[in-house]
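Since the structure comes first, as structure tokens, the remarks are kept for the end.
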Amino acid sequence: MDIFLQQLINGLVLGSVYALVALGYTMVYGILELINFAHGEITMMGAMVSLAVIGALALAAPGLPGVLVLGAGLAVAIPVCMALGLLIERVAYRPLRHAPRLAPLITAIGVSIILQNIAMLIWGKQYIPFPAILPQGRHEILGASISDTQIAILVLAVLIMMTLILVVQKTRLGRAMRATAQSRQVASLMGVDVNRVIASTFVIGSALAAVAGVMVSAYYGLAHYYMGFLLGLKAFSAAVLGGIGNLGGAMLGGLLLGLIESFGAGYIGDLTGGFLGSHYQDVFAFFVLIAVLVFRPSGLLGARVVERA
Amino acid sequence: MNALLTVSGVSKAFGGLQALSDISLQVHRGEIFGLIGPNGAGKTTLFNAFTGLYTIDRGEIRLNTTRLNGQKPHQVLQAGLARTFQNIRLFAEMTALENVLVGRHARTTSGVVGAVLRLPGTRHEEADSRERAHALLHRMGLAQHAHRLARNLSYGDQRRLEIARALATEPSLLALDEPAAGMNPNERAGLRELLLQLQADGLTLLLIEHDVKLVMGLCTRLAVLDYGVKIAEGTPDVVSRDPKVIAAYLGDEAL
Amino acid sequence: MSSVLKSRWFTFGLLALGLALLPFLVDAGLGRSWVRLLDLALLYVMLALGLNIVVGYAGLLDLGYVAFYALGAYVYAWLASPHFGLHLPFWAILPLGAALAGLFGVLLGAPTLRLRGDYLAIVTLGFGEIIRIFMNNLNAPVNLTNGPQGINLIDPVRLGSFSLSQPHELFGYTFTGVHLTYYLFLLLTLAVIFISMRLEDSRIGRAWVAIREDETAAAATGINTRNLKLLAFAMGATFGGLAGGLFASFQGFISPESFNLMESIMILCMIVLGGMGHIPGVIFGALLLTLLPEALRYTGDWQRNLFGQIYVDPADLRMLLFGMALVAVMLYRPAGMFPSTRRRREFADAKG
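Protein chains in written order, with my numbering: chain A, 5 to 313; chain B, 150 to 404; chain C, 7 to 358.
In structure tokens:
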């Protein structure tokens, strides 16, 4: 029972981070039908930049409360990632909006290689530890334990997602985004500045990625220039699982993927009689992705589209 | 009856929308059969059902004795029904000649081994395909463009190239989806000439068209669709006098 | 007419002579390590031409291509190393590895057939990662891959007592292992080029390009898109498996490290930079990207001369430059640095 509950908690926390990153993929895909391959690297940049700030502050002013230091890290990382997202859209994707589909995907791969290597040149190849600035309290619930960091991640993720839903449903920008997702052409005829909407989408997605990057590094206690690749791939799988282009789907997909990974890693040993161990954790996301695409390409919440309309 | 294409009781719904209701019609060998109707009447849906792009809910479509419904597009073509598209769909980065050669695919058989070793059979097949392709390009007045990329051809040439590609598959029925769309009167006259020639060569043609004048002057018989229902079928004379047709379609254009 | 034919044969002869002498010229001019690099470059030409069938011709963006390369390499290692104590001859293992890779190409390709371009890319990427994770972890409970340590002491290519790992005296010259390997690889590379060229200009090649250009229209023109896509996967994977077996025998050692995603991306870069679907372009891209990193080492010397110390490890610059090149080529030369003559002629047409 306690193992079950423990995996549930771990899965939900991990899943909420996946959900935040998945939202970035799904928003861009919904509007541009483009897989922003570099999104995982933006998440990595968020983690790296905030860690740099946090590290510097922890050295310069050791007495500062941890939450304040973390806040400062976020306050720098978020705008940096937003600028990065804007820049990528402008330089690598916008000129190719009418090119064959493979072209922007290839530039996206190029951009993510560039970001990875820039990060490697700046911060080196080693793992960067997350400074112990946060309260390390743990709480016992029914035999399972949850840390302060985990609670903070869950609460923050839920708050951000609720805000995002409000923005998309209630604001002018949100309405413009939904219109653009329906039809870029019609939206622009109706006076929506499509370029601005697309740029805003990248900016919002990048901000979410920055927060998610900080969460991941706080959760695992480290960051690395290569961390964005696998995280991005998993988050993309989550977005596809939920139904790409669908905000609720990305959230649901993220949580589900977190749970699948957590339970999968916890029980795979028992299920295969010890043949496969928990180091296969990273495989689940890909199996989920492939299974969804093969059996239900529109995802859990996506509308079932006629195959060739 | 000398029916080539037999459609019986075909229905198709998209969600709650009944796109086709119980359509039955026959296309006879050697005729030019027109399929007309206002926008959204279900012409293209029926067309896509013939050619294997849509699966139908009920009914049956036969070409000669071969059942077409449930078949994949390439099987439909294999059976002898070739089509063109309303918004021309050529292989843009291939030359005109190569586009027509792709049309030979279904009527040729050489595989990887034959291609790599250039076995006598493959060489013979390839030479035959090229000869036929050049003849078709010549016939369509495209001979001088054989080695230009399809995307660089003029609009009218692209239309004719698409027809050439379809003819290369040696169809018994050629289905054209709005072939006159976007053509000027000159090109339209040329198209009309071409279709009549094809008919004279013994080909059966199925034509979806918006241009009522062209259809009326060209078709042996035609069927009119409205809201997914066939409201008339017969010779242009009979159809154009049908009050239901006048009300549904001709009423606002023929007047 | 006959003079044209003569000059063609003359060019051919010159080219053959040049290719035959190349390892000696390189050895004399740049050193033995560059001959080794030359061998590796030929291996990448094979890989790039294999992926070119999938990506360049059929338009299927496969980011997990390296999986087939790995499969070929592991099959070779299993059947010709102390790992299982098997030492089968290379002429039996190479075709077996290639055929198995081809079979896997079909197996992995089949579930992805309905997917559109960008989804396909992600799924194949997932396949590649799955295979890498298995390579890393299949050392227990049965030790198949020896995990991250990889498999060692793989047999070199050997015919009877004639081994490619030792120098041999022939016609009074001493041929070292890397020289002899060069000729073997050259022979196989030429075979792969020949097969690619013949396929491109055939019923099959045209059907692939038609699918790339417009899948719906291709199906409506009578092409069985499912079978032809599977054929493309199979052909590409076969070349990948072949190159993998050669790689294992050449290095004598393999580990999962050699088959990561970056390897797939690098092979993709070769195709994209050179010119997708254009054989000379792809060859050019493969040679460029194998030899360029070696040349980049000199930037270390420049840095030392200019600034008195090395700021950036040249090896780390490599991927950064690749990334930039990918973006730049897509933005400014989408047809590649070396587009096909047909396309160039078309561009000239458009201008004139």
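Heads up, the beta-carbon is just placed ideally off N, CA and C, and yes, glycines get one too. From a predicted model like this one, the values you see are computed outputs, not experimental measurements.
So, with DSSP's three-state summary, where would you put residue i?
i, result
"Ile137 (chain A)", "coil"
"Ala103 (chain A)", "coil"
"Lys12 (chain C)", "helix"
"Gln235 (chain B)", "coil"
"Lys235 (chain C)", "helix"
"Val176 (chain B)", "strand"
"Lys161 (chain B)", "strand"
"Pro50 (chain A)", "Before going on, a small fix: residue 50 (chain A) reads as Gly here, not Pro. In the structure shown, Gly50 (chain A) sits in a helix (DSSP, three-state: H, G or I)."
"Tyr25 (chain A)", "The sequence given here places Val at residue 25 (chain A); Tyr does not occur at that position. The answer is helix: DSSP assigns Val25 (chain A) an H, G or I state."
"Ala198 (chain B)", "helix"
"Ile160 (chain C)", "coil"
"Ala86 (chain C)", "strand"
"Ala168 (chain B)", "strand"
With respect to the beta strand (DSSP E) encompassing residue i, which residues constitute its N-terminal and C-terminal limits?
i, result
"Glu382 (chain B)", "378-383"
"Ser221 (chain A)", "Counting along the chain, Ser221 (chain A) falls outside any beta strand (DSSP E), though it belongs to the alpha helix (DSSP H) covering 198-224."
"His174 (chain C)", "174-176"
"Gly208 (chain B)", "207-212"
"Arg308 (chain B)", "No beta strand (DSSP E) contains Arg308 (chain B), which is instead part of the alpha helix (DSSP H) from 304-316."
"Phe182 (chain B)", "181-185"
I want to see whether chain C comes within less than 8 angstroms of residue i, judged by CB atoms only; does it?
i, result
"Phe206 (chain A)", "no"
"Leu3 (chain A)", "Shown here, chain A extends from 5 to 313; a query on residue 3 (chain A) therefore has no answer."
"Tyr284 (chain A)", "yes"
"Val190 (chain A)", "no"
"Arg98 (chain A)", "no"
"Thr353 (chain B)", "no"
"Thr30 (chain A)", "no"
"Val298 (chain A)", "yes"
"Arg105 (chain A)", "yes"
"Asn121 (chain A)", "yes"
"Thr384 (chain B)", "no"
"Met52 (chain A)", "no"
Compare the C-beta of residue i with all C-beta atoms of chain B and state if any pair is closer than 8 angstroms.
i, result
"Asn58 (chain C)", "no"
"Gly228 (chain C)", "yes"
"Ser270 (chain C)", "no"
"Thr222 (chain C)", "yes"
"Ala354 (chain C)", "With a pLDDT of 44 at Ala354 (chain C), under the threshold of 50, the modelled position of that residue is not reliable, and no figure is offered here."
"Arg209 (chain C)", "yes"
"Val4 (chain C)", "No answer is possible for residue 4 (chain C): it lies beyond the span of chain C, which begins at 7 and ends at 358."
"Gly342 (chain C)", "no"
"Lys357 (chain C)", "For Lys357 (chain C), the predicted model reports a pLDDT of 37, less than 50, meaning its position is unreliable and no value from the coordinates is stated."
"Arg120 (chain C)", "no"
Are the C-beta of residue i and some C-beta of chain A separated by less than 8 angstroms?
i, result
"Glu263 (chain C)", "no"
"Ile139 (chain C)", "yes"
"Asp3 (chain C)", "The shown model of chain C, from 7 to 358, leaves out residue 3 (chain C), and the question about it has no answer."
"Glu135 (chain C)", "yes"
"Met336 (chain C)", "yes"
"Leu298 (chain C)", "no"
Along the chain, where does the alpha helix (DSSP H) that runs through residue i open and close?
i, result
"Leu168 (chain A)", "152-174"
"Val61 (chain C)", "Val61 (chain C) -> no alpha helix (DSSP H), and no H or E assigned at all."
"Ile294 (chain A)", "285-299"
"His284 (chain C)", "Looking at the DSSP string, His284 (chain C) is not in any alpha helix (DSSP H), and its letter there is neither H nor E."
Q.
Please give me, in chain order, every unbroken run of the alpha helix (DSSP H) with length at least 4 that falls completely inside the stretch 338-379 of chain B.
A. Taking only runs of at least 4 residues, the alpha helix (DSSP H) segments lying wholly in the stretch 338-379 of chain B are 361-367.
Q | Proximal residues, the stretch 300-330 of chain C versus chain A, C-beta separation under 7 angstroms | A | Val318, Asp322, Met325, Leu326, Phe328, Gly329, Met330
(Q) Going residue by residue through the stretch 63-122 of chain A, where are the continuous alpha helix (DSSP H) segments of at least 4 residues, counting only ones entirely within it? (A) Fully enclosed alpha helix (DSSP H) runs of 4 or longer: 70-92.
(Q) Please give me, in chain order, every unbroken run of the alpha helix (DSSP H) with length at least 4 that falls completely inside the stretch 196-247 of chain C. (A) 209-219, 221-226
Q. Quick one, which residues of the stretch 140-164 of chain C are near chain A if we go by CB-CB under 7 angstroms, in chain order?
A. Asn143, Pro147
Q: Anything in the stretch 37-70 of chain C with a Cβ closer than 9 angstroms to a Cβ of chain A? List those residues in chain order, please.
A: Listed by position, the residues of the stretch 37-70 of chain C near chain A (Cβ gap below 9 angstroms) are Val61, Gly65, Leu67, Leu69.
Q: Enumerate, from N- to C-terminal direction, the unbroken beta strand (DSSP E) stretches of 3 or more residues contained entirely within the stretch 247-334 of chain B.
A: With a minimum length of 3 residues, the continuous beta strand (DSSP E) runs that stay inside the stretch 247-334 of chain B are 322-326.
Q: Select from the stretch 19-48 of chain A all residues with a C-beta closer than 7 angstroms to any C-beta belonging to chain F, and list them in chain order.
A: Reference to chain F is not applicable here, since the protein chains of this structure are A, B and C.
Q: For the stretch 303-337 of chain B, enumerate the residues whose C-beta is nearer than 7 angstroms to any C-beta of chain C, in chain order.
A: Arg314, Thr318
Q. Of all the alpha helix (DSSP H) runs that stay within the bounds of the stretch 28-78 of chain C, which reach a length of 4 or more residues?
A. 38-58
Q: May I ask you to list, following chain order, the residues of the stretch 268-297 of chain B that have a beta carbon less than 9 angstroms from some beta carbon of chain C?
A: Thr271, Glu274, Glu275, Ser278, His296, Arg297
Q: Would you list, in chain order, the members of the stretch 185-206 of chain C that have their beta-carbon closer than 7 angstroms to a beta-carbon of chain B?
A: Ile201, Arg204, Leu205
**Q.** Positions along the stretch 235-246 of chain B whose CB lies within less than 8 angstroms of some CB in chain C
**A.** Arg238, Leu239, Phe240, Ala241, Glu242, Met243, Thr244
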